[in-house]
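The UniProt record's numbering numbers the first residue of the sequence shown as 1 and each following residue consecutively.
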Amino acid sequence: MDPFEYGRNIQIDVLTSYLPEQSDPEAHRFVFSYQITVTNHNPEPVKLVSRRWVITDGNEQVQEVKGEGVVGEQPVIEPDQSFSYTSGTVLATEVGSMQGHYEMQTEDEDRFIAPIPAFTLAQPNALH
Numbered sequence: 001m002d003p004f005e006y007g008r009n010i011q012i013d014v015l016t017s018y019l020p021e022q023s024d025p026e027a028h029r030f031v032f033s034y035q036i037t038v039t040n041h042n043p044e045p046v047k048l049v050s051r052r053w054v055i056t057d058g059n060e061q062v063q064e065v066k067g068e069g070v071v072g073e074q075p076v077i078e079p080d081q082s083f084s085y086t087s088g089t090v091l092a093t094e095v096g097s098m099q100g101h102y103e104m105q106t107e108d109e110d111r112f113i114a115p116i117p118a119f120t121l122a123q124p125n126a127l128h
């Protein structure tokens, strides 16, 4: 199977929060958390093997983050089950965006890409 097959019945939902207590706008430090829920709509378990993020701030500065698993885990997600985790990022601007993908693997070691659609990170009232 093509290792770059996309989607494959993986649903990804995102909730974001601005963390004012960890941010310092005068020092151009804006801290955001994001909660990701990955739901497996396949008839077989899938393992989240790795992640790739592209993080862009309001000045069009881009960071790329790659790594194994998420939050130190490579979770196996059973059919019709979800895995949720919370992580964070720091931007130099009050608004930015993230997008990327997870590399998933079936029990047969079939690998595929589950895209993470772009989502916005924004300090409250930064977007009008």
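Note that CB positions come from ideal geometry on N, CA and C, so glycine has one too.
Please name the residue, chosen from Met98, Met104, Pro79, that lies closest to His41 on a Cα-to-Cα basis.
Start at 1 with the first residue of the sequence shown, and residue 41 comes out as number 41. Among Met98, Met104, Pro79, the Cα nearest to that of His41 belongs to Pro79.
Using the rule of at least 16 other Cβ atoms within 10 Å of the residue's Cβ for burial, across every protein chain shown, is Arg29 buried or exposed?
For the purposes of this step, residue 29 is taken as residue 29 along the sequence shown, with counting starting at 1. Arg29 is exposed by the Cβ-count criterion.
Please report the residue range of the beta strand (DSSP E) in which Asn93 lies.
Taking the sequence shown and counting its residues from 1, the one referred to as residue 93 is at position 93. Here the sequence assigns Thr to residue 93, which means Asn is not the residue at that position. Where Thr93 is concerned, there is no enclosing beta strand (DSSP E), given that its DSSP letter is neither H nor E.
Within this structure, are the beta carbons of Gly7 and Val54 separated by less than 9 angstroms?
Reading the sequence shown from its first residue, position 7 is the one you call residue 7. Reading the sequence shown from its first residue, position 54 is the one you call residue 54. Contact flag unset, no.
On the criterion of 16 or more Cβ atoms from any shown chain inside 10 Å, does Pro115 qualify as buried, or is it exposed?
For this step, residue 115 is matched to residue 115 along the sequence shown. With fewer than 16 Cβ atoms within 10 Å of its Cβ, Pro115 is classed as exposed.
Exposed or buried, what is Val62 when buried is set at 16 or more other beta-carbons lying within 10 Å of its beta-carbon?
As a working note, residue 62 is residue 62 in the sequence shown. When all chains shown are included, Val62 counts as exposed.
Is the Cβ-Cβ distance between Pro25 and Glu94 less than 9 angstroms?
Counting from one through the sequence shown, the residue named residue 25 turns up at place 25. Counting from one through the sequence shown, the residue named residue 94 turns up at place 94. Result yes, Cβ atoms of Pro25 and Glu94 sit closer than 9 angstroms.
Which residues in the same chain have their Cβ closer than 7 angstroms to the Cβ of Ser17, if we skip the five residues on either side of it in sequence?
The sequence position of residue 17 within the sequence shown is 17, counting from 1. Taken in chain order, the residues that qualify are Phe32, Ser33.
Own chain partners of Ser87 with C-beta closer than 8 angstroms, once the 5 adjacent residues on each side are dropped:
Residue 87 sits at position 87 when you count from the first residue of the sequence shown. Excluding sequence positions up to five before and after Ser87, its CB lies within less than 8 angstroms of the CB of Ser33, Tyr34, Ile36, Val70, Val71, all in the same chain and listed in chain order.
So which of Asp108, Asn125, Thr120, Phe112 has the shortest CA-CA distance to Asn9?
The count along the sequence shown starts at 1 and reaches residue 9 at position 9. Closest by alpha carbon: Phe112.
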